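Numbering (the UniProt record's numbering), first residue to last: 1 to 123. From the three backbone atoms N, C-alpha and C, an ideal C-beta is built for every residue, glycine too. Computed from a predicted model, the values in this text were never measured in an experiment.
(1) Helix, strand or coil for residue 96, going by three-state DSSP, please let me know.
(2) Excluding the five sequence neighbours on either side, which residues of its own chain have a C-beta within less than 6 angstroms of the C-beta of residue 79, listed in chain order?
(3) DSSP state of residue 12, grouped into three classes?
(4) To the nearest angstrom, report how far apart residue 24 and residue 49 are at their CA atoms.
(5) In the structure shown, what three-state DSSP assignment does residue 110 receive?
(6) Could you tell me if residue 108 is buried or exposed, where buried requires 16 or more neighbouring beta carbons within 10 angstroms of its beta carbon?
(7) Roughly how many angstroms lie between the CA atoms of residue 2 and residue 52, to the nearest whole one?
(8) Could you compute how far the alpha carbon of residue 112 sits from the alpha carbon of residue 95?
(9) Would you please state the rounded distance, in angstroms, between the beta carbons of residue 92 and residue 72? I believe it to be under 8 angstroms.
(10) Where DSSP assigns a beta bridge to residue 89, which residues make up the other side?
(11) Going by CA-CA distance only, name the one from 68, 89, 123 that's closest to residue 20.
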């Protein structure tokens, strides 16, 4: 049990749902824009410089889309934890993550101690 009040849980779940919807919309918009750029390039006779610019832009958009998909997976994981009753508990040690951390990062999977240890180990 995470020990969080029900109203806080509902608020945090709402924040995560809103972020999920915003990410889904952003991913959809970026895909539509990439399709539009590809169509436009097929319709016009573009210079090599134009083609290079579009390829660079598409690479940047693709990288952003990958980031958004990763964020979406993290948010979906957090939302799934609401369903099984483990939201707010550290994936590593099982202790409560803490309301202040969850307010700052509702998708947090680790308590601050485990997150700090992870970051130190990655250096």
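Per the coordinate set shown:
(1) The residue labelled residue 96 in the question sits at position 96 within the chain shown. Strand at residue 96.
(2) Start at 1 with the first residue of the chain shown, and residue 79 comes out as number 79. The residues are 16.
(3) The count along the chain shown starts at 1 and reaches residue 12 at position 12. Reduced to three states, the DSSP call for residue 12 is helix.
(4) Indexing the chain shown from 1 puts residue 24 at position 24. Indexing the chain shown from 1 puts residue 49 at position 49. About 32 angstroms.
(5) As a position in the chain shown, residue 110 is number 110, starting the count at 1. Three-state DSSP puts residue 110 in coil, outside helix and strand.
(6) Locating residue 108 in the chain shown gives position 108, where the first residue counts as 1. The residue is buried, with at least 16 neighbouring Cβ atoms inside 10 Å.
(7) On the chain shown, position 2 is the one that residue 2 refers to. On the chain shown, position 52 is the one that residue 52 refers to. Distance between the alpha carbons of residue 2 and residue 52 is about 52 angstroms.
(8) Looking up residue 112 in the chain shown gives position 112. Looking up residue 95 in the chain shown gives position 95. Taking the straight line joining both Cα atoms gives about 10 angstroms.
(9) As a working mapping, residue 92 is identified with position 92 in the chain shown. As a working mapping, residue 72 is identified with position 72 in the chain shown. The beta carbons of residue 92 and residue 72 sit about 22 angstroms from each other, so the pair does not count as a contact at 8 angstroms.
(10) Here residue 89 refers to the residue found at position 89 of the chain shown. In the DSSP output, where bridge partners are listed per residue, residue 89 has 96.
(11) In the chain shown, counting from the first residue as 1, residue 20 sits at position 20. Residue 68 is the option with its Cα nearest to residue 20.
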